[in-house]
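Numbering (the working numbering), first residue to last: 466 to 600. A quick write-up on the structure given underneath.
Now the structure itself:
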């Protein structure tokens, strides 16, 4: 598979992870979220996992290739004003990201497909955790 296709898939995945990190940063900055220590801990842990995903995606670029501008967020991310709406928005973002990574698996080479499958599974797990699943 041409590396340009794989790099484009990685670019999309990196952009999505960058967006999710920005969403979690915006959520964690909300006073209503900061006032809930359990929620803050949960969101901080998930945010850290997205940082790990982004690092793994960056590590997999072909030699000499690097992320394109697609890896940068398009606009500043703001969170809804209350914790409940913020969590609902994060759940939706996680579900959307998981679906997009799953779709990208078909266009990726073997190693990238395995990475995307892992990221998609984690994002699905994050959504479940935010819906009230156990940590």
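From the three backbone atoms N, C-alpha and C, an ideal C-beta is built for every residue, glycine too. Keep in mind it's a predicted model, so treat the numbers as computed, not measured.
C-alpha gap between residue i and residue j, whole angstroms
i           : j           : result
residue 519 : residue 495 : 24 Å
residue 526 : residue 513 : 21 Å
residue 581 : residue 506 : 26 Å
residue 521 : residue 504 : 26 Å
Contacting residues, own chain, Cβ-Cβ under 6 Å from residue i (five flanking each side not counted)
i           : result
residue 592 : 556, 559, 560
residue 589 : 563
Per-residue burial, residue i [other beta carbons within 10 Å of its own, 16 or more giving buried]
i           : result
residue 470 : exposed
residue 596 : exposed
residue 571 : exposed
residue 568 : exposed
residue 501 : exposed
residue 524 : exposed
residue 576 : exposed
residue 583 : exposed
residue 586 : exposed
residue 538 : Residue confidence for residue 538 is low, a pLDDT of 48 falling below 50, so the modelled location carries little weight and cannot support an answer.
Neighbourhood of residue i by C-beta distance below 7 Å, restricted to the same chain and skipping five residues each side
i           : result
residue 492 : 498, 508, 544, 551, 555
residue 485 : 515, 558, 562
residue 482 : 515, 518, 519, 522
residue 573 : 471, 474, 581
residue 478 : 522, 566, 569, 581, 584
residue 578 : 570
Residues near residue i in its chain [Cβ-Cβ closer than 8 Å; skip 5 each side]
i           : result
residue 622 : The chain is shown only over 466 to 600; residue 622 falls outside these bounds and no answer can be derived.
residue 490 : 512, 542
residue 488 : 542, 544, 554, 555, 558
**Q.** In chain order, each alpha helix (DSSP H) run of at least 4 residues that lies wholly inside the region 500-580
**A.** For the alpha helix (DSSP H) assignment, the uninterrupted runs of no fewer than 4 residues enclosed by the region 500-580 are, from N- to C-terminal side, 502-524, 548-569.
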